[in-house]
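For the record, the sequence lines run as chains A and B. So the first sequence is numbered by my numbering: it starts at 393 and just counts up by one. So the second sequence is numbered by my numbering: it starts at 7 and just counts up by one. Cβ atoms here follow ideal geometry from the backbone N, Cα and C, with glycine treated the same way. This report concerns only the one structure given below.
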Amino acid sequence: AQTVTQSQPEMSVQEAETVTLSCTYDTSESDYYLFWYKQPPSRQMILVIRQEAYKQQNATENRFSVNFQKAAKSFSLKISDSQLGDAAMYFCAYRFGGGATNKLIFGTGTLLAVQP
Amino acid sequence: GAVVSQHPSRVICKSGTSVKIECRSLDFQATTMFWYRQFPKQSLMLMATSNEGSKATYEQGVEKDKFLINHASLTLSTLTVTSAHPEDSSFYICSAIRAGIDYSNQPQHFGDGTRLSIL
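Printed below as a string of structure tokens:
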């Protein structure tokens, strides 16, 4: 069974600094997708970034980038130039790429605080 | 595009009441919708996968008779918590996948969630 592990329950970063959130996963599949979702206090789930396993290049979305290490089954999120609005719960998620299931498996989350 | 509306956003009711939560895809058709439950400061736990026109697929440990799911159209899925009790109090979130050819490549679009409180 696939599992997603986030080993950092809470993280803190100073405004304008850089922070990296860790995520590891376990799967025997070769075709899958990885995601980072942000959940602010409003509890809306916001897709931050997505990575296809078959792509070697790390995904980047403005200040957000990932370090995807397929062999190590690691998928960390780097937030550059942190802003107060980045404060939220961040969830790493895995989805099998084949078949019709399309189910997301979420990690336990990392609560990010941004200090002014 | 890809807006998912969830209603109500918050509901408070007495123990023993049945509560219905709606999940609508506003600007796209969704053959598949998902229902999640989230306890405070915890992750999202998938409860069931809702497929239009067929029975929902429930995750292990989720009571089918307690959490009734109906997906009668391509834009609406409903979750009914029957005879709700205080332990059913939680945050419930739905998501939807746009119908299309490349199903496996479609992202899930989330609703804003429903906070259910049973007194």
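List the residues of chain A whose Cβ lies closer than 7 Å to the Cβ of residue i, in chain order.
| i | result |
| --- | --- |
| Ser49/B | Phe483, Phe498, Gly499, Thr500, Gly501 |
| Ile99/B | Met437 |
Which chain B residues sit within Cβ distance under 9 Å of residue i?
| i | result |
| --- | --- |
| Asn454/A | Within 9 Å Cβ-Cβ: nothing; Asn454/A doesn't reach chain B, min ~18 Å. |
Report the three-state DSSP secondary structure of residue i (helix, strand or coil).
| i | result |
| --- | --- |
| Leu50/B | strand |
| Asp418/A | strand |
| Glu93/B | helix |
| Leu476/A | helix |
| Ser60/B | coil |
| Thr410/A | coil |
| Ser126/B | Because residue 126/B is not part of the residues shown, which for chain B are 7 to 125, the question remains open. |
| Lys447/A | coil |
| Leu426/A | strand |
| Ser399/A | coil |
| Ser11/B | strand |
| Arg30/B | strand |
| Ser404/A | strand |
| Thr88/B | coil |
| Gln114/B | strand |
Just checking residue i against the ligand GTP - is the residue's beta carbon closer than 7 Å to any of the ligand's heavy atoms?
| i | result |
| --- | --- |
| Met51/B | What this structure holds is no ligand at all, so the ligand GTP is not there to describe. |
Pull the bridge partners of residue i from the DSSP assignment, please.
| i | result |
| --- | --- |
| Tyr42/B | Leu52/B, Ile99/B |
| His77/B | Looking at the DSSP assignment, His77/B forms no beta bridge with any residue, so it has no partner. |
| Arg121/B | Arg16/B, Phe97/B |
| Ala343/A | Past the edges of chain A, shown from 393 to 508, lies residue 343/A, and the structure says nothing about it. |
Taking the continuous beta strand (DSSP E) assigned at residue i, which residues delimit it?
| i | result |
| --- | --- |
| Thr502/A | 502-507 |
| Gln443/A | 438-444 |
| Ser468/A | 466-471 |
| Asn459/A | 456-461 |
| Val68/B | Per DSSP, Val68/B belongs to no beta strand (DSSP E) and is neither H nor E. |
| Ser434/A | No beta strand (DSSP E) holds Ser434/A; DSSP gives it neither H nor E. |
| Gln35/B | Counting along the chain, Gln35/B falls outside any beta strand (DSSP E), and DSSP gives it neither H nor E. |
What residues of chain B sit near residue i, judged by a beta carbon separation below 8 Å?
| i | result |
| --- | --- |
| Lys495/A | Phe40, Leu52, Thr55 |
How would you list, in chain order, the residues of chain A whose beta-carbon sits under 8 Å from the beta-carbon of residue i?
| i | result |
| --- | --- |
| Asp118/B | Ser434, Arg435, Gln436 |
| Gln114/B | Asn494, Leu496 |
Since residue i meets chain A, which of its residues come closer than 9 Å, beta carbon to beta carbon?
| i | result |
| --- | --- |
| Ile103/B | Asn494 |
**Asked** Given a limit of 7 Å on CB to CB distance, which residues of the stretch 414-439 of chain A reach chain B?
**Response** Those would be Arg435, Gln436, Met437, Leu439, in chain order.
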